[in-house]
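Each remark here refers to the structure printed beneath this line.
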Amino acid sequence: MMHQVPMILVGNKCDLEDERVVGKEQGQNLARQWSNCAFLETSAKSKINVNEIFYDLVRQINRKTPMEKKKTKKRSNCTLL
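If you want it as structure tokens, here you go:
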């Protein structure tokens, strides 16, 4: 079931490097264990990778559910005067 849900493992507060509890490599390893999901470190305060998380999720969703081609209406080439 987990492989069907778009996921990103996010490590937040990456701007506080001196207070780090979980290492980057540890986060990447955990992401690999969880259906090989993406891993990104973020900082809302410094605006690091915040938008990228959402962009990546949208890309994942679009890959799983491709949009249907829009049906184009056939136009009549007939002109009434």
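FYI, the numbering used here numbers position 12 of the sequence shown as 14, with every residue one higher than the one before it.
Idealized CB from N, CA, C, for every residue including glycine.
- For A33, the uninterrupted alpha helix (DSSP H) segment begins and ends at K26 to Q35.
- The Cβ atoms of V23 and L42 do not sit closer than 8 Å to each other.
- DSSP places V12 in the strand class (E or B) of the three-state scheme.
- At the C-beta level, K66 and P8 come within 8 Å of one another.
- Bridge pairing for S48: absent [DSSP].
- In the DSSP annotation of this structure, E21 is not part of any beta strand (DSSP E), being labelled neither H nor E.
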